[in-house]
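Reading the sequence shown from the start, the letters are residues 7 to 435 in my numbering.
Beta carbons are placed, not taken as given, at the ideal position from N, Cα and C, and that holds for glycine.
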Amino acid sequence: MEGTKELLQSLLDLGLIEVGENTEAFQGIVAAADDLAQRFLQSPSLSIASTLVALDKNAPVGEPSFKLAKEAATSHWPTFSNRFKDEPRQILRMILFAALDAASQTSAQVSAIIWLTSENTFPYLTLGKEGEIFRARLAVMAERAEAAALNRFLQVYNLTKGVFPSLKVPEINAQPVNPPSGYNDKLVRAVGPHPQGGDQNPQFPAQAGNVNWSQQFAPRMAAAIAELVNQGVEATTASGNAALKALSVEMGQYLSKFEEALKHVSTRDSVRVDAIWWSEALFSASLRRGYRELHSESAALAMACDLHQLVGVPAPVSVSYFLRETAVKALGTLGNTPLAIRLILENLKAHPEGVDALLPESLSTEGRLPLLDLVSLATKKPEAVEAVLRGHTGFDPKLKLTAAEFAAMCLRDFQARSLAHDTPESETK
């Protein structure tokens, strides 16, 4: 892809890709990124860990995502492993990011997964020279993801602006009926006994006082006229039936689209009403408890899970702000009180309150982990929380988050996880 080459050339110009003047090596890296992009499109869940590793300059040797990038690079640059004595983490990160960027240009689904994952990580990491390039590319992914979310969440159907198929009313196309061959002879025979053959009127109208002529004329003329009329009716009926059949198809398509619009509007409005009710009730349908009955960390995670289930995917950015406001309303000052992420995880471990059942199945227990996998590992394993943080994230254990921020991060991870397990898109966006 031309975009992949352009991105990698920018990173090469910054000295972040060590290939020197080796053009073949650079082309191999470009091809590797394009191949890896196809892997992300086929298996969107791979893009979550790969995003975390691509953004983290401190990602350690042995990351599973590095293995993916190295396999792709070696297939197009056979001497790749010989060229580098140690694992070239920086080049592998650039390949991963270029592959993610290429995949995002083809799929709004992958764009959303990358952006949601990066938003939970990027603001808290220190990047080098690649920071500005990464930030610009991620902003484009965010716009693409938001456009898809708004299209789903806020789309307004307008009957006058081409959302519905145009209703075409077929015309009845009956052709003029021409008298059949020999029809004129029938009329002549109805008048009198000529020409020879057929059902002739035996009487001449010129005979004085011949009252029988009209009695002979009327049925013969009526039969002749009826034949021509019936022929016209038959042609008109056939044309009318075809037109009605075509109209039935048109109406079916139109009403189907209309029903789809009504369902969309009904579902959209129902989601809004349900979300407002949820925000006012401050009750967890998942835990069957009020959020104010829970510790703030448990409440934050539960709120993220409940709202995610209400709104579905993809949801616009405004939903995360709606969640944060609700968290502050439910938790009061605790909702806006910064707390070290290490303490947040330790509190969840000490007071699980049933929220562990809300966590999705872990994508992995190795390498860089998304937030919900981190929570699962930190709360269910005997290892110290700080060791888990240092081993599986680029976060400083002293990083402070409010409960409202933690809730928004959990929501983004729930969203990314759901999108990653959806059927991969077969069409470009």
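Practice prompt. Let me know if D275 comes out buried or exposed under the rule of 16 or more other beta-carbons within 10 Å of its beta-carbon.
Written response: By the 10 Å Cβ count, D275 comes out exposed.
Practice prompt. Please report the residue range of the alpha helix (DSSP H) in which A409 lies.
Written response: 409 to 427
Worksheet item: Which term fits P320, buried or exposed, when burial requires 16 or more other beta carbons within 10 angstroms of its beta carbon?
Response: buried
Fill in: Collapsed DSSP secondary structure at L383 in the structure displayed
helix
Fill in: Which of helix, strand or coil DSSP assigns to G296
strand
Worksheet entry | Length of the line joining the Cα atoms of E372 and E359 | 26 angstroms
Worksheet item: What do you reckon, are the CB atoms on P366 and L380 nearer than 8 angstroms?
Response: no
Practice prompt. With DSSP as the reference, please indicate the residues paired to S290 in a beta bridge.
Written response: R295
Discussion item. I need the boundaries of the alpha helix (DSSP H) containing R158, first residue and last residue.
Written reply: DSSP places R158 inside the alpha helix (DSSP H), whose first and last residues are 137 to 159.
Worksheet item: Is DSSP giving A390 helix, strand or coil here?
Response: Here A390 sits in coil by DSSP.
Item to complete: Can you check DSSP and say which residues form a bridge with K406?
Response: A346
Item to complete: To the nearest angstrom, report how far apart A384 and A390 are at their CA atoms.
Response: 7 angstroms
Item to complete: State the CB to CB distance for the pair A109 and S71, rounded to an integer number of angstroms; the pair is presumed to be in contact (CB under 8 angstroms).
Response: Not a contact, Cβ separation roughly 14 angstroms.
Worksheet entry | Closest Cα partner of L156 within the set R141, V325, A244 | V325
Discussion item. Helix, strand or coil for H301? Go by DSSP, reduced to three states.
Written reply: coil
Item to complete: In angstroms with no decimal places, state the Cα-to-Cα distance between N342 and W284.
Response: 20 angstroms
Worksheet item: Can L17 and I139 be called in contact, C-beta distance under 8 angstroms?
Response: yes
Discussion item. Once the 5 residues before and after P208 are set aside, which same chain residues still bring their CB inside 8 angstroms of it?
Written reply: P199, Q222
Worksheet item: In this structure, does DSSP put T132 in helix, strand or coil?
Response: Coil.
Worksheet entry | Contact set for S302: own chain, Cβ-Cβ below 6 angstroms, skip 5 residues either direction | L337, L340, A409
Worksheet item: By Cβ distance below 7 angstroms, which residues in the same chain neighbour L57 in space, the five residues on each side in sequence not counted?
Response: The residue you asked about is not Leu; residue 57 is Thr in the sequence shown. The answer, listed in chain order, is L106, I120, T123, S124.
Discussion item. So, under 8 angstroms CB-CB, A312 and A333 are touching, yes? Tell me the CB distance rounded to an integer number of Å.
Written reply: The sequence shown places Asp at residue 312, not Ala. The pair is not a contact, with the Cβ atoms about 11 angstroms apart (cut-off 8 angstroms).
Worksheet item: Could you give the distance in angstroms between the alpha-carbon of A37 and the alpha-carbon of P322?
Response: 34 angstroms
Worksheet entry | C-beta contact flag for A306 and A426 at 8 angstroms | no
Discussion item. Could you give the first and the last residue of the continuous alpha helix (DSSP H) run that contains V361?
Written reply: Careful: V361 lies outside any alpha helix (DSSP H) and carries neither H nor E.
Item to complete: Less than 8 angstroms between the CB atoms is what I'm expecting for L407 and P344, so what's the real figure, rounded?
Response: 7 angstroms
Discussion item. Within the continuous alpha helix (DSSP H) that includes W121, where are the two ends?
Written reply: 114 to 125
Discussion item. Three or more C-beta pairs under 8 angstroms: does that hold for the stretch 71 to 91 against the stretch 140 to 151?
Written reply: no
Item to complete: Measure the alpha-carbon distance for N28 versus L102 and round it to whole angstroms.
Response: Cα-Cα distance, rounded: 20 angstroms.
Item to complete: Give a single yes or no on whether N207 has its beta carbon closer than 7 angstroms to a heavy atom of the ligand ADP.
Response: The ligand content of the structure shown is nil, which means the ligand ADP is not present either.
Practice prompt. Starting from I23, follow the alpha helix (DSSP H) in both directions and report where the run begins and ends.
Written response: Here I23 belongs to no alpha helix (DSSP H), and DSSP marks it neither H nor E.
Practice prompt. Quick one: give me the first and last residue of the alpha helix (DSSP H) that R89 is part of.
Written response: 86 to 89
Worksheet item: Considering only C-alpha positions, which residue in the set R298, E136, N126 is nearest to G21?
Response: E136
Worksheet item: Applying the criterion that 16 or more other CB atoms from any shown protein chain within 10 Å of the CB defines a buried residue, is V394 buried or exposed?
Response: buried
Item to complete: Report the residue from H357, K63, G134 whose alpha carbon sits nearest the alpha carbon of E299.
Response: H357
Fill in: Cβ neighbour criterion (16 or more within 10 Å) applied to P50
buried
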